[in-house]
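Numbering (my numbering), first residue to last: 12 to 140.
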């Protein structure tokens, strides 16, 4: 039998799910077409895959509660970027897409009164295909 999630893990998961909802709404309101949310294939995973004009946007969503030790943007490590690149390569091959691809980040911070601050960072990282 697996271990049970702690209340902190459960809260963190809820914050993440809420953050992806907020990020999706933000993208739609700004003219993006959402192709996939939480796309998975084997070990590959992408938070949001969207399209605007002729550009495919691979969007990583990072959430934190205000006052956390680190800002959401700081959670994007080199290893995380590499994993996203590999997943994006797999996604493009799987769907046989030949589109300009951009890697974006949406940082979501929640305040103690449940408001959120959204920061959209286009071209958060440039791939070295």
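Virtual Cβ for every residue (Gly too), placed ideally from N, Cα, C.
The residues 61, 113, 115, in chain order, have a CB closer than 6 Å to that of residue 68 in the same chain once the five nearest residues on each side in sequence are set aside. Counting C-beta pairs with one atom in each stretch, the stretch 34 to 41 and the stretch 78 to 93 have fewer than three that are closer than 8 Å, which means they do not touch.
In the displayed model, residue 65 falls within coil according to three-state DSSP, outside both helix and strand.
Residue range 89 to 105 is occupied by the alpha helix (DSSP H) that includes residue 94. Residue 112 sits in a strand when the DSSP states are folded into three classes. Selection 52, 48, 45 evaluated against residue 104 yields 52 as nearest (Cα-Cα).
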